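If you're matching them up, the sequences are chains A and B in order. When we follow full-length UniProt numbering, the leftmost residue of the first sequence carries the number 1, and every step to the right adds one. When we follow full-length UniProt numbering, the leftmost residue of the second sequence carries the number 1, and every step to the right adds one. These notes concern the structure reproduced below.
Protein chains: 2
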Amino acid sequence: MKRQNVRTLSLVVCTFTYLLVGAAVFDALESETERKRWNHLLELKAALVRKYSISEDDYRMMEVAIIENKPHKAGPQWKFAGAFYFSTVVLAMIGYGHSTPVTIGGKAFCMAYAMVGIPLGLIMFQSIGERLNKFASVVIRRAKQYLKCKKEEATEMNLMFATGMLSSVIITTGAAVFSKYEGWSYFDSFYYCFVTLTTIGFGDYVALQVLIKCFSRNKFSILVLYASYHLTFICFQTIIS
Amino acid sequence: MKRQNVRTLSLVVCTFTYLLVGAAVFDALESETERKRWNHLLELKAALVRKYSISEDDYRMMEVAIIENKPHKAGPQWKFAGAFYFSTVVLAMIGYGHSTPVTIGGKAFCMAYAMVGIPLGLIMFQSIGERLNKFASVVIRRAKQYLKCKKEEATEMNLMFATGMLSSVIITTGAAVFSKYEGWSYFDSFYYCFVTLTTIGFGDYVALQVLIKCFSRNKFSILVLYASYHLTFICFQTIIS
């Protein structure tokens with residue numbers, strides 16, 4: 001077998017093993033909690049159904065009503081502010097899924113929008129990345145001149161270090177800001193930043209939901225600032241990653 | 001101002017305008033439906049609360065119970081099969097968010113897992129991509145020899161065309177298969193494939209939920225085949241995109 005084929009096959013085996021190991025660990029970490037939560041919630045449901053003698057059909061209807069209402073509870077998701085947030089999340093390929101189009105027109109437009117928007121976004125992020133790289137090179141050269149280093153030019157290693165530092169600063173300060181404004185613990189905020197940075201975007205934590213609610217009630221000022229910060233945060237994260 | 005800076009600035013302006021236009025269109029397409037659904041669901045809630053005279057506190061508790069139960073309704077999400085699916089979705093950066101870790105250990109492991117897994121996945125996908133590219137070049141050269149073309153070598157254009165064709169085939173057949181097994185309309189299946197292909201991964205449609213349910217009841221055969229198909233589908237989509 002060819003060397004490249006062997007390499008590819010080894011990578012496939014590695015990744016598959018990594019997935020198996022991951023599955024085993026997640027199972028060990030989450031399964032028990034899930035079972036307990038499930039049982040607790042079943043008991044709660046049974047108690048409430050018993051208390052009010054709710055019929056099976058009505059309960060199912062209530063379930064649908066509550067689940068469908070979930071995104072809207074945080075405020076209308078498709079008014080301009082929410083729709084703008086959604087567009088950003090699509091363009092950056094994060095896809096929290098906290099609100100998703102339900103009409104056929106909305107879904108079709110979403111696909112067409114992403115088809116043009118994602119490449120456009122990528123080109124923009126790359127372009128900003130190049131400018132930032134250039135800027136970092138200049139700063140590093142100046143710093144080296146100031147420190148009277150032998151080699152004045154910024155090396156690949158220097159730039160990688162700078163990127164790493166910048167990412168760390170963005171993710172840690174981001175986590176602090178989100179923790180303050182969203183009322184999450186610092187750990188959860190950090191987890192949110194990480195999930196957004198990698199464009200995984202589960203949607204279990206979604207920032208700016210407060211803003212969307214307030215926007216519809218015409219409250220501005222600090223929230224607009226916070227929204228701008230969040231947009232910049234998403235952009236910077238995408239550029240760096 | 002430097003030419004590159006002007007280019008970057010124009011790209012930022014373009015993207016921002018594109019976001020504004022997207023927001024306006026989404027608002028126009030989805031807002032009205034959202035409002036109607038919201039009102040309808042409010043009425044439904046009011047009717048049910050009135051019918052059973054449910055107290056505000058109990059209703060809120062029911063809401064929590066139902067929302068927390070949602071992922072589990074499709075079957076336990078963190079048993080091995082579900083956890084494996086979750087790991088794949090993290091590695092491919094899709095992040096449907098249909099189930100997410102809730103324990104601190106789970107979240108911490110998820111971050112560490114993604115930090116190693118995503119680069120590993122990318123290297124593997126790239127490696128398979130290269131092998132596929134090579135294979136496509138050979139097939140195209142053979143076809144050209146057979147058709148007695150002047151230039152026998154596969155050009156960049158040929159390869160791009162082949163990739164485009166392959167993507168189309170994968171997305172259309174994928175949509176057909178998912179439509180059959182998940183009970184979605186063809187359009188919704190296509191939308192699901194697109195959202196997965198671009199790694200946006202909203203999580204409004206998530207395949208394999210039936211499998212996870214059946215897996216826990218020890219039903220195998222065709223479902224394992226379907227799961228393998230789905231895994232291959234995710235891999236091929238990621239390689240191509």
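Just so it is clear, CB atoms sit at the ideal spot from N, CA and C, and this is done for glycine as well. These numbers were taken from a predicted model, which means no experiment stands behind them.
Closer than 7 Å to the CB of ASN133 of chain B there is not a single CB belonging to chain A. Between TYR192 of chain B and PHE178 of chain B the beta-carbon gap is near 6 Å, inside 8 Å, which marks them as a contact. In this chain, the alpha helix (DSSP H) harbouring SER179 of chain B covers 156–182. According to the DSSP assignment, VAL89 of chain B belongs to the alpha helix (DSSP H) that extends over 80–91.
Cβ proximity to chain A below 8 Å picks out TYR18, LEU19, LEU20, GLY22, ALA23, ALA24, VAL25, PHE26, ASP27, LEU29, GLU30, SER31, THR33, GLU34, ARG35, ARG37, TRP38, LEU41 from the region 17–41 of chain B. For TRP78 of chain A, the chain B residues whose Cβ falls inside 7 Å of its Cβ are PHE26, ASP27, GLU30, SER31, GLU34, in order along the chain. With a minimum length of 4 residues, the unbroken runs of alpha helix (DSSP H) contained wholly in the region 1–54 of chain B fall at 3–52.
Taking 7 Å as the cut-off between beta carbons, the residues of the region 53–73 of chain B near chain A are ILE54, ASP58, MET61, MET62, GLU63, ALA65, ILE66, ILE67, GLU68, ASN69, LYS70, HIS72, in sequence order.
Here GLY121 of chain A is actually not in contact with ILE200 of chain B; their C-beta atoms are around 12 Å apart, not less than 8 Å. Neighbours of LEU120 of chain A in chain B, taken as residues whose beta carbon is under 7 Å from its own, are CYS14, THR15, TYR18 in chain order. DSSP places SER189 of chain B within a helical segment (H, G or I) once states are collapsed to three. Contact between GLU34 of chain A and HIS98 of chain B is ruled out by a C-beta separation of about 13 Å, above the 8 Å threshold.
Listed along chain B are MET93, THR199, each with a C-beta nearer than 7 Å to that of THR199 of chain A.
Put simply, the region 50–61 of chain B does not touch the region 145–159 of chain A. Fewer than three CB pairs are less than 8 Å apart. Cα atoms of PHE233 of chain B and LYS151 of chain A: separation of roughly 49 Å, rounded to the nearest angstrom. Residues of chain A with a Cβ closer than 7 Å to the Cβ of VAL90 of chain B are, in chain order, ILE200.
In this structure, the alpha-carbon of PHE202 of chain A lies about 12 Å from that of CYS110 of chain B. Closer than 7 Å to the CB of LEU11 of chain B there is at least one CB belonging to chain A. Per DSSP, the unbroken alpha helix (DSSP H) holding ILE118 of chain B starts and ends at 104–146. One Cα belongs to ILE66 of chain A, the other to ALA207 of chain A, and the distance between them is close to 21 Å. For THR103 of chain A, the nearest beta carbon of chain B is closer than 7 Å to its own beta carbon.
Assigned with DSSP and collapsed to three states, ASP204 of chain A falls in coil, not helix or strand.
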